[in-house]
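Visitor: The following block contains the structure, expressed as C-alpha cells.
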Amino acid sequence: MIAAAESVPVQLRKSWAKSKHFSPSTCGGLNDCITMGSIVSTAQKHNHQRHQSVSQMEQQVADLERELHKQKELRVAFRTRMERTQDYLKYCLQTAQDNGLLDIITGNKDHHQEEALLPSNMIGTNTTPKSPDTMQKDSDLAGIVHQAKMNGWYIDPVEIELHEKIGQGSTAEIYKATWRGLDVAVKCISSDYFRSIEGGVAYFIQEVETLSRQRHKFVLQLMGACLEPPNFAWLVTEFLGTTLKHWLHGSGKRRKERLVPVPPLKDRIARALEIAQAMQYLHEQKPKVIHRDLKPSNIFLDDANHAIVADFGHARFLSDEEKALTGETGTYVYMAPEVIRCEPYNEKCDVYSFGVILNELITGDHPYIATDSGPSKIAMEVAEGNVRPALPEDDGHQLGELINLICLSWNQDASLRPSFARITSSLRDIQRMFIYSF
Numbered sequence: 001m002i003a004a005a006e007s008v009p010v011q012l013r014k015s016w017a018k019s020k021h022f023s024p025s026t027c028g029g030l031n032d033c034i035t036m037g038s039i040v041s042t043a044q045k046h047n048h049q050r051h052q053s054v055s056q057m058e059q060q061v062a063d064l065e066r067e068l069h070k071q072k073e074l075r076v077a078f079r080t081r082m083e084r085t086q087d088y089l090k091y092c093l094q095t096a097q098d099n100g101l102l103d104i105i106t107g108n109k110d111h112h113q114e115e116a117l118l119p120s121n122m123i124g125t126n127t128t129p130k131s132p133d134t135m136q137k138d139s140d141l142a143g144i145v146h147q148a149k150m151n152g153w154y155i156d157p158v159e160i161e162l163h164e165k166i167g168q169g170s171t172a173e174i175y176k177a178t179w180r181g182l183d184v185a186v187k188c189i190s191s192d193y194f195r196s197i198e199g200g201v202a203y204f205i206q207e208v209e210t211l212s213r214q215r216h217k218f219v220l221q222l223m224g225a226c227l228e229p230p231n232f233a234w235l236v237t238e239f240l241g242t243t244l245k246h247w248l249h250g251s252g253k254r255r256k257e258r259l260v261p262v263p264p265l266k267d268r269i270a271r272a273l274e275i276a277q278a279m280q281y282l283h284e285q286k287p288k289v290i291h292r293d294l295k296p297s298n299i300f301l302d303d304a305n306h307a308i309v310a311d312f313g314h315a316r317f318l319s320d321e322e323k324a325l326t327g328e329t330g331t332y333v334y335m336a337p338e339v340i341r342c343e344p345y346n347e348k349c350d351v352y353s354f355g356v357i358l359n360e361l362i363t364g365d366h367p368y369i370a371t372d373s374g375p376s377k378i379a380m381e382v383a384e385g386n387v388r389p390a391l392p393e394d395d396g397h398q399l400g401e402l403i404n405l406i407c408l409s410w411n412q413d414a415s416l417r418p419s420f421a422r423i424t425s426s427l428r429d430i431q432r433m434f435i436y437s438f
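Residue numbers 1 to 438, in the UniProt record's numbering, belong to the letters of the sequence shown in order.
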C-alpha cells in the first residue's frame with residue numbers, strides 16, 4: 001500500500017494535501033483504487049489471451065472441417081470414376097462376347113474345333129463324378145420336363161420343321177418354323193451358351209418356367225418347348241411378324257432421318273397402354289415377374305397390331321419378402337440408373353424402361369438419337385442423373401399429362417416411380433381424352 005502511494009507523483013500529492021477534503025482515509029481509498037486498477041488490467045489481459053486462444057481453436061476447427069469436406073469430395077469423385085471405369089469395362093466385355101472375341105481370348109473356339117475332330121461317341125463324355133450343383137441342375141431339368149409332359153407342352157424336336165432365320169441375339173437365333181401345321185416362332189438357344197455360361201441350364205429353365213405361367217393377351221404365349229440342352233433348348237411360341245421397333249421406326253439400324261411415317265398418336269398411345277397392361281399383369285403375379293430387358297425390339301405386334309411383350313431371357317421372379325435384385329442386366333439405353341450402378345433394385349427398373357419407351361412412342365425418335373455418345377457414356381450420365389432422352393414438344397399444350405407421366409416413370413429415385421397399375425389408369429384417362437379431342 002505504501003509503495004503504491006509512493007509511486008504517485010509528488011506534485012499530485014501536494015495538491016491533494018492542500019485540498020480541504022484530503023484525509024488519511026482518502027489516501028487509503030486511493031491506494032485501493034490503484035490496486036483494483038492493476039487487477040482489472042491483469043484480468044483484461046487474461047481475457048484477451050483467452051479470446052485469442054479460442055479464436056485460434058475455432059480457426060483450426062474450421063480448417064479441419066474444410067479439409068474433411070475436401071476429402072469427402074475427393075472420395076465421391078474417386079468412387080464415381082471407379083464406377084464409370086467398371087461400367088466401361090463391362091461394356092467392353094459384353095461387346096467382346098457379342099462379337100466372338102471372348103471365345104478367341106479364352107480359347108473356347110479352339111476347344112470346340114478340337115471337339116469336332118473327335119469321334120462322336122467321345123464328345124461330351126466325362127468320367128468325373130457329378131458335382132452337387134450338376135445334380136441339382138439335372139433334377140430341376142427333370143422337373144420341368146415332367147411338368148411339360150403332364151401339361152401337354154413338351155415338344156420333340158423331330159416335330160419341328162425350321163425355315164428361315166428371322167432374328168438373332170447374343171445367345172439365341174429365332175426361326176420361323178412349322179409345328180403340327182401351324183406357323184410358329186422357335187427360339188433356339190445356342191449350344192455354345194451352355195458351354196460358356198456356368199448357370200446356362202438354370203437360366204434356360206427359368207425362362208421356360210416364366211413363359212409357361214403366362215396367360216395374358218398382351219404377353220407372348222408359349223406353345224411348347226424342346227427341353228434337351230445344350231443341343232435342343234428350343235422355345236416354341238406363336239409367330240408374330242413384326243416388332244414395336246420396326247412398326248415405329250422401320251427396318252434397319254438407328255437413323256436420325258425417318259424411313260416410314262410416324263403412326264397416328266392415338267395408335268401409339270394404344271400400344272403404350274397395352275404394354276403397361278402386360279407389365280401390370282407380370283408385376284402383380286405371386287411371385288412377381290421382373291422383365292429386366294423391356295425395349296421395343298422385345299415387344300412384338302400381332303396381326304391386329306396389338307403389343308405383345310416377349311423375350312423373358314433376363315426375367316426373374318421376385319417375391320414380396322425379397323427386397324431387391326442386384327446385378328447389371330438389360331440394354332444400356334433403356335436401363336435404370338440403379339441397375340447401371342449395380343445397386344439393389346426391384347420391379348421399378350421395368351417402370352424406368354417403360355418411361356423411355358413411352359417417350360420414344362410419343363416423339364417417334366430413337367432415344368438419344370441426337371447425341372454422338374456411345375451407349376456406355378450415355379449409361380454413365382444416366383446413372384448420375386445428368387441425362388434423359390429429349391422430351392416431346394408440346395406446342396399445342398395437349399401432351400402435358402403424357403410428359404408428366406414420362407418424367408415420373410424415369411425418375412432418378414426408383415421409389416417415386418409409379419406402379420404399372422397407376423400407369424395403366426393414367427393412360428386410360430389420356431386415351432379417352434384424345435378420343436374425344438380428335
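Think of the CB as a built atom: it goes at the ideal place given N, C-alpha and C, for glycine as much as any other residue.
Look at the alpha carbon of E284 and the alpha carbon of L416, and state the distance between them as a whole number of angstroms.
Guide: In a straight line, the C-alpha of E284 is about 18 Å away from that of L416.
Visitor: Once DSSP output is grouped into helix, strand and coil, what is the label at G385?
Guide: Three-state DSSP puts G385 in coil, outside helix and strand.
Visitor: Do A225 and A148 have their C-beta atoms closer together than 8 Å?
Guide: Yes. Within cutoff.
Visitor: Under the rule that 16 or more other beta-carbon atoms within 10 Å means buried, what is Q277, buried or exposed?
Guide: Label assigned to Q277: buried.
Visitor: Under the DSSP definition of a beta bridge, which residues are partnered with Y154?
Guide: Beta-bridge pairing links Y154 to A225.
Visitor: Under 6 Å Cβ to Cβ from T329, same chain only, skipping five residues before and after it: list those, please.
Guide: The answer, listed in chain order, is R292, H314.
Visitor: Where L162 and D156 are concerned, what is the direct C-alpha to C-alpha distance, given to the nearest angstrom?
Guide: So the alpha carbons of these two residues sit roughly 13 Å apart.
Visitor: Express the C-alpha separation of K70 and T424 in angstroms, rounding to a whole number.
Guide: Rounded to the nearest angstrom, the two C-alpha atoms are 47 Å apart.
Visitor: Counting only runs that start and end within the region 284-358, where is the alpha helix (DSSP H) found for 4 or more residues in a row?
Guide: Here the runs fully enclosed are 337-340.
Visitor: Assess contact between the region 331-345 and the region 245-259, defined as three or more Cβ pairs (one per stretch) separated by less than 8 Å. Is contact present?
Guide: Output reads no: the region 245-259 does not touch the region 331-345.
Visitor: Under 8 Å between the Cβ atoms of I299 and L244?
Guide: Yes, Cβ-Cβ distance for I299 and L244 is below 8 Å.
Visitor: For the putative contact between L188 and E207, defined by C-beta atoms under 8 Å, what is the C-beta separation to the nearest angstrom?
Guide: The question names Leu, but residue 188 in the sequence shown is Cys. Wrong, their Cβ atoms sit about 13 Å apart, outside the cutoff.
Visitor: Closest to D192 by C-alpha separation, out of P230, D183, W179, would be which residue?
Guide: For the residues P230, D183, W179, the minimum Cα distance to D192 belongs to P230.
Visitor: Using a Cβ distance threshold of 8 Å, determine whether the region 355-366 contacts the region 407-415, with at least three qualifying pairs required.
Guide: A contact exists between the region 355-366 and the region 407-415.
Visitor: Does the beta-carbon of A270 have 16 or more other beta-carbons within 10 angstroms, so that it is buried, or is it exposed?
Guide: Buried, since its Cβ has 16 or more Cβ neighbours within 10 Å.
Visitor: To the nearest angstrom, how far is it from the Cα of P418 to the Cα of S251?
Guide: Using only the alpha carbons, I get a separation of about 32 Å.
Visitor: What three-state label does DSSP hand V208 in the structure shown?
Guide: V208 falls in the helix class under three-state DSSP.
Visitor: If you draw a straight line from the C-alpha of L259 to the C-alpha of E384, how long is it?
Guide: Straight-line Cα distance between these residues: approximately 34 Å.
Visitor: Would a C-beta distance cut-off of 8 Å place K286 and S353 closer than the cut-off?
Guide: No, these two residues do not count as a Cβ contact at 8 Å.
Visitor: Compute the beta-carbon to beta-carbon distance between D394 and I403, rounded to the nearest angstrom, for a pair I have assumed lies under 8 Å.
Guide: Their Cβ separation, rounded to whole angstroms, is 6 Å, which keeps D394 and I403 in contact under 8 Å.
Visitor: Please check the pair A307 and E274, which I expect to be a contact at CB under 8 Å, by giving their CB distance rounded to whole angstroms.
Guide: Yes, they are in contact, since the Cβ atoms of A307 and E274 sit about 4 Å apart, within 8 Å.
Visitor: By Cβ distance below 7 Å, which residues in the same chain neighbour L318 in space, the five residues on each side in sequence not counted?
Guide: If we look at L318 and ignore the five residues flanking it on each side, its Cβ neighbours are P287, K288, I290, L325, N346, E347.
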